[in-house]
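**Q** Numbering (the working numbering), first residue to last: 40 to 906. One structure, as structure tokens, below. Some questions next.
So this is what it looks like as structure tokens:
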């Protein structure tokens with residue numbers, strides 16, 4: 040078979056390689072074996088990756104053997120044909136063919152004008168001890184190399200980029216050792232020192248060293264750079280070599296060192312993105328991020344030894360404190376090794392201080408093993424203005440920032456700040472995390488702050504932070520004005536020195552708040568103890584409506600900061616606002632005792648300051664709290680007091696709130712006509728005030744009453760309108776309520792599958808926000824949908840989950856509803872004793888609530904007894 044493939048009608052087990060003379064023909068035989076193996080095994084061809092895994096060779100080497108680019112050595116050839124299923128007779132014939140090809144190759148005329156090289160350089164540094172992870176990047180490099188035959192005559196250039204200490208050189212060297220068999224003519228290595236303390240290696244010096252490494256006598260190395268580059272390309276032409284250029288500074292430093300043909304491959308590492316090398320020279324970039332947490336923990340485990348297994352939580356925390364950077368991980372592991380008797384938790388405590396962390400990550404006299412020194416080599420190459428922007432970014436208290444924040448910190452115009460951020464991103468000193476958003480990992484943030492402390496005066500640092508806080512408050516106020524134009528508190532708004540985002544509509548305002556929320560929370564926390572207490576209070580005062588829409592953890596943090604700041608400064612009004620907002624958050628989380636305590640403290644402060652609007656809010660919230668506890672008389676008393684104060688003071692928003700709260704009480708009592716009258720009055724008043732959030736809430740409440748009264752079409756229409764408004768405003772808890780009630784309505788009209796879709800969406804929101812009462816409501820709705828779909832066992836599970844939550848947080852109506860659902864599910868499953876038990880409990884709880892639902896459940900119980 041001269042073409043090396045199976046012919047139709049022949050026995051694939053009787054291969055005849057006698058006519059094979061070239062490497063390409065031998066590779067055809069190997070591929071034919073591979074296809075035959077697949078047909079016999081019925082499990083697909085052995086992939087290059089599978090063969091590499093079985094042999095321990097690189098994927099690139101396997102690819103070259105099977106595509107005819109390289110003649111396999113004898114020992115590898117024997118292993119390969121055996122793996123591909125050759126019979127003993129075939130293995131002998133193939134070994135003879137391989138020897139014949141090797142002899143033919145040896146006698147073939149060589150390339151004119153070049154003798155076989157006398158020097159085969161093996162310059163790779165030692166492989167990295169305990170190399171861990173990076174499987175995706177190793178596979179990417181294998182793939183780029185395996186595809187070298189598809190790029191024509193161009194040199195394959197791969198660039199590994201990433202921040203300082205992320206392990207670029209380790210990855211390059213580790214991969215290069217795996218791929219040495221791909222480069223039989225040698226491997227060149229050169230540290231270009233592009234980001235080292237000394238001067239970078241010039242193109243002339245680099246070429247001289249590379250030429251000498253390939254066997255060119257010193258006397259024959261040309262003087263001019265262009266002549267050296269030409270001689271270098273000639274020297275490497277036709278040779279199968281790897282050129283590893285480590286620590287490159289710029290594309291211009293690398294470009295003269297590229298070979299001229301496709302026989303060689305070049306691997307470059309750099310902290311710069313080397314965009315010019317990618318765009319002009321066709322380089323392919325492999326971006327390197329910090330290790331995933333699991334890999335970082337695994338690396339520490341290998342380096343530290345058995346102690347790591349005994350303290351897994353401490354090891355995970357060490358990995359986080361090191362920002363998952365391999366350099367930092369290795370330094371910390373070495374530090375742990377110097378104190379073998381001490382617990383790792385002690386080292387965690389030492390590293391907890393972000394500024395001292397950098398000092399502890401100094402591995403003695405070796406600057407290459409000190410994190411701050413390695414970072415400094417990146418910063419020293421920056422223009423002065425860009426370096427200043429970098430160190431001032433270390434003053435930002437949040438996890439990420441945009442161009443406006445960078446401009447505020449630097450006191451610069453927006454265009455200049457964005458140019459600086461782009462330059463810092465190219466140098467991998469900041470990481471893009473979204474459109475015009477960037478982040479510093481913890482160690483770089485600590486290093487930037489260290490630089491700011493050292494190189495900026497205290498007055499300059501304070502001015503930078505003040506500019507940032509003024510920007511935040513101005514943009515926050517603009518966003519809240521768009522989302523809640525009538526339902527907002529007044530607070531001082533400074534005039535920022537630098538550009539403020541242009542928020543043109545509610546969608547833009549919501550997007551800005553979503554992006555900046557973590558930074559606002561962090562800034563409020565920083566401001567309390569570092570000289571800006573008013574900022575913490577003003578942020579809390581402005582943002583409360585947005586946070587009550589489902590961001591409960593952030594609400595507890597921001598309002599807690601504000602309460603402490605107001606107490607320190609004696610701001611009674613700010614303190615009362617923070618307390619009532621904390622109470623509302625605790626109420627949403629069903630922590631009733633804490634909520635009641637904060638509402639009462641807020642009410643006392645509002646009464647001392649004569650703030651009638653605040654009094655109405657605190658009284659209404661106390662009424663809401665008592666209603667959720669099932670204490671309707673007490674709830675009604677608080678709500679009517681709130682209504683009277685709101686009417687007397689002209690507080691329209693408070694009037695709307697009190698009317699809806701009264702409607703809620705009447706709904707739970709089953710007095711639907713009275714309830715809907717209250718809600719419609721609230722809806723009309725909210726419309727006149729332009730209070731969109733109040734309108735949406737009133738629509739939900741009207742829909743709920745109509746649902747209870749079995750007016751399903753009207754309920755669905757009102758709930759759908761409310762859902763649209765809540766979504767436009769980004770109010771997640773309102774969205775969840777509308778979805779939950781819509782799901783119940785759809786179940787009632789015989790569309791339980793559509794109901795499940797709405798209820799599942801609501802479940803995601805209430806679980807994310809921590810709204811446990813909301814979870815109980817949704818689970819009961821899912822149980823009713825499952826029962827309506829003929830799945831009583833699933834209904835049993837859902838109602839049981841709802842009951843457990845409702846009992847735990849002591850809310851009464853969800854308990855009654857869960858017992859009713861459990862009774863129906865047990866009856867459908869034939870367990871009548873359990874059905875009677877739960878229906879009896881449901882009747883009891885509904886009667887305590889004075890709800891009309893008690894009579895309906897009693898009818899179910901009576902029908903069960905009659906049955």
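Cβ atoms here follow ideal geometry from the backbone N, Cα and C, with glycine treated the same way.
(1) Do residue 794 and residue 813 have their beta-carbon atoms positioned less than 8 Å apart in this structure?
(2) Once the 5 residues before and after residue 26 are set aside, which same chain residues still bring their CB inside 8 Å of it?
(3) If you measure between the beta carbons of residue 863 and residue 900, is that distance less than 8 Å?
(4) Assign residue 378 to one of two classes, buried (16 or more other C-beta atoms within 10 Å of its C-beta) or exposed (fewer than that).
(5) For residue 685 versus residue 693, is the C-beta distance shorter than 8 Å?
(6) So, are the CB atoms of residue 6 and residue 664 less than 8 Å apart?
(7) Please classify residue 56: is it buried, with 16 or more other beta-carbons within 10 angstroms of its beta-carbon, or exposed?
(8) Are the beta-carbon atoms of residue 821 and residue 780 separated by less than 8 Å?
(9) Rounded to the nearest angstrom, how far is the Cβ of residue 504 from that of residue 434, given a contact under 8 Å?
(10) Look at the alpha carbon of residue 897 and the alpha carbon of residue 751, and state the distance between them as a whole number of angstroms.
(11) Thinking C-alpha only, which one of 668, 213, 646 and 445 is nearest residue 681?
(12) If we call anything under 8 Å between Cβ atoms a contact, is residue 597 one with residue 660?
(13) Leaving aside the five residues before and after residue 154 along the sequence, list all residues of the same chain whose C-beta is less than 7 Å from its C-beta, in chain order.
(14) Determine, using beta carbons only, whether residue 119 and residue 69 come nearer to each other than 8 Å.
(15) Name the two residues that bound the continuous alpha helix (DSSP H) containing residue 871.
(16) Measuring straight from C-alpha to C-alpha, what distance separates residue 335 and residue 440?
(17) Looking only at its chain, what residues have a beta carbon closer than 7 Å to the beta carbon of residue 734, apart from the 5 residues adjacent to it on each side?
(18) Is residue 896 helix, strand or coil when you go by DSSP?
(19) What separation, rounded to the nearest whole angstrom, lies between the Cα atoms of residue 325 and residue 357?
(20) Decide yes or no for the touch test of the segment 357-366 against the segment 380-389: beta carbon pairs closer than 8 Å, at least 3 of them.
(21) Looking only at its chain, what residues have a beta carbon closer than 7 Å to the beta carbon of residue 571, apart from the 5 residues adjacent to it on each side?
(22) In three-state terms, what does DSSP make of residue 260?
(23) Indicate whether the contact test is met: 3 or more Cβ pairs, each with one atom in the segment 104-118 and one in the segment 129-143, closer than 8 Å.
(24) Strictly by DSSP, which residues pair up with residue 557?
(25) Is DSSP giving residue 200 helix, strand or coil here?
(26) Can you give me the Cβ contacts of residue 604 inside the same chain, cut-off strictly under 6 Å, excluding the 5 residues immediately before and after it?
(27) Could you tell me the boundaries of the alpha helix (DSSP H) in which residue 740 lies?
(28) Is the segment 486-498 touching the segment 411-421 in the sense that three or more CB pairs, one from each, lie closer than 8 Å?
(29) For residue 477, which residues does DSSP report across the bridge?
(30) Measure the CB-CB distance between residue 166 and residue 205 and report whether it falls below 8 Å.
(31) For the putative contact between residue 908 and residue 410, defined by C-beta atoms under 8 Å, what is the C-beta separation to the nearest angstrom?
(32) Assess, as a yes-or-no matter, whether the segment 848-855 is touched by the segment 828-840 under the definition of 3 or more beta carbon pairs within less than 8 Å.
(33) Do residue 317 and residue 159 have their beta-carbon atoms positioned less than 8 Å apart in this structure?
(34) Run the CB neighbour count on residue 274, radius 10 Å, all protein chains shown included, and call it buried at 16 or more, exposed below.
(35) Which runs of the alpha helix (DSSP H) at least 4 residues long sit entirely within the segment 334-404? Give them in chain order.
(36) Use the C-beta contact count for residue 824: other C-beta atoms within 10 angstroms, 16 or more gives buried, fewer gives exposed.
**A** Looking at the atomic coordinates:
(1) Residue numbering aside, residue 813 sits at position 774 when the chain shown is read from its first letter. Residue numbering aside, residue 794 sits at position 755 when the chain shown is read from its first letter. Annotated as distal: residue 813 and residue 794, with beta-carbon spacing of 8 Å or more.
(2) Because the chain spans 40 through 906 in this model, residue 26 falls outside it and cannot be assessed.
(3) Against the chain shown, residue 863 aligns to sequence position 824. Against the chain shown, residue 900 aligns to sequence position 861. No, the Cβ-Cβ distance between residue 863 and residue 900 is not below 8 Å.
(4) Within the chain shown, the letter at position 339 stands for residue 378. Exposed.
(5) Position 646 of the chain shown, counted from the first residue, corresponds to residue 685. Position 654 of the chain shown, counted from the first residue, corresponds to residue 693. Cβ distance < 8 Å, so residue 685 and residue 693 count as in contact.
(6) Absent from the structure is residue 6, since the part of the chain shown begins at 40 and ends at 906.
(7) Locating residue 56 in the chain shown gives position 17, counting from the first residue. With 16 or more other Cβ atoms from the protein chains shown falling within 10 Å of its own Cβ, residue 56 counts as buried.
(8) Numbered from 1 along the chain shown, position 782 holds the residue referred to as residue 821. Numbered from 1 along the chain shown, position 741 holds the residue referred to as residue 780. Cβ distance not < 8 Å, so residue 821 and residue 780 don't count as in contact.
(9) Here residue 504 corresponds to residue number 465 of the chain shown, with the count starting at 1. Here residue 434 corresponds to residue number 395 of the chain shown, with the count starting at 1. Sure, about 6 Å apart at Cβ, within 8 Å.
(10) By 1-based counting over the chain shown, the position of residue 897 is 858. By 1-based counting over the chain shown, the position of residue 751 is 712. The alpha-carbon atoms of residue 897 and residue 751 are separated by roughly 23 Å.
(11) Sequence index remark: in the chain shown, residue 681 carries index 642 (1-based). Just measuring C-alpha positions, the residue of 668, 213, 646 and 445 sitting nearest residue 681 is 646.
(12) The sequence position of residue 597 within the chain shown is 558, counting from 1. The sequence position of residue 660 within the chain shown is 621, counting from 1. Result no, Cβ atoms of residue 597 and residue 660 do not sit closer than 8 Å.
(13) As a first step, residue 154 is located in the chain shown; it is residue number 115 there, counting from the start. Note on residue 154: pLDDT 42, under 50, position unreliable in the model; the coordinate value appears next. Result list for residue 154: empty, nothing under 7 Å.
(14) Along the chain shown, one-based indexing puts residue 119 at 80. Along the chain shown, one-based indexing puts residue 69 at 30. Contact flag set, yes.
(15) Here the question's residue 871 lines up with position 832 in the chain shown. Per DSSP, residue 871 belongs to the alpha helix (DSSP H) from 871-887.
(16) Residue 335 sits at position 296 when you count from the first residue of the chain shown. Residue 440 sits at position 401 when you count from the first residue of the chain shown. Their backbone Cα atoms lie some 26 Å apart in a straight line.
(17) Within the chain shown, numbered from 1, the residue matching residue 734 stands at position 695. Once the five neighbours on either side are set aside, the close Cβ partners of residue 734 are 722, 725, 726 and 764.
(18) In the chain shown, residue 896 corresponds to position 857, counting from 1. Residue 896 falls in the helix class under three-state DSSP.
(19) Taking the first residue of the chain shown as position 1, residue 325 is located at position 286. Taking the first residue of the chain shown as position 1, residue 357 is located at position 318. For residue 325 and residue 357, the distance between alpha carbons rounds to 27 Å.
(20) yes
(21) Residue 571 sits at position 532 when you count from the first residue of the chain shown. Closer than 7 Å at Cβ, skipping near neighbours: 508.
(22) By one-based count along the chain shown, residue 260 stands at place 221. If DSSP states are grouped into helix, strand and coil, residue 260 belongs with coil.
(23) Yes: the two stretches touch, three or more of their Cβ pairs being nearer than 8 Å.
(24) By 1-based counting over the chain shown, the position of residue 557 is 518. None; residue 557 has no bridge partner.
(25) Here residue 200 is taken as the residue at index 161 of the chain shown, counted from 1. Strand at residue 200.
(26) On the chain shown, position 565 is the one that residue 604 refers to. These residues qualify, in order along the chain: 567, 572, 575 and 576.
(27) Stepping through the chain shown from its first residue, residue 740 is reached at position 701. Residue 740 -> alpha helix (DSSP H) spans 731-747.
(28) yes
(29) As a working note, residue 477 is residue 438 in the chain shown. Residue pairing for residue 477: DSSP places it in a beta bridge opposite 440 and 471.
(30) Working through the chain shown from its first residue, we reach residue 166 at position 127. Working through the chain shown from its first residue, we reach residue 205 at position 166. Their beta carbons are not under 8 Å apart, which means residue 166 does not touch residue 205 by this criterion.
(31) The chain is shown from 40 up to 906; residue 908 falls before or after that span and cannot be answered.
(32) Judged by Cβ distances under 8 Å, the segment 828-840 makes no contact with the segment 848-855, as fewer than three pairs qualify.
(33) Residue mapping note: residue 159 aligns to position 120 of the chain shown, counting from 1. Residue mapping note: residue 317 aligns to position 278 of the chain shown, counting from 1. In this structure, residue 159 lies away from residue 317, with their beta-carbon atoms at least 8 Å apart.
(34) Indexing the chain shown from 1 puts residue 274 at position 235. Buried is the call here.
(35) 345-349, 351-360, 365-376, 383-390 and 393-399
(36) Position 785 of the chain shown holds residue 824. Buried.
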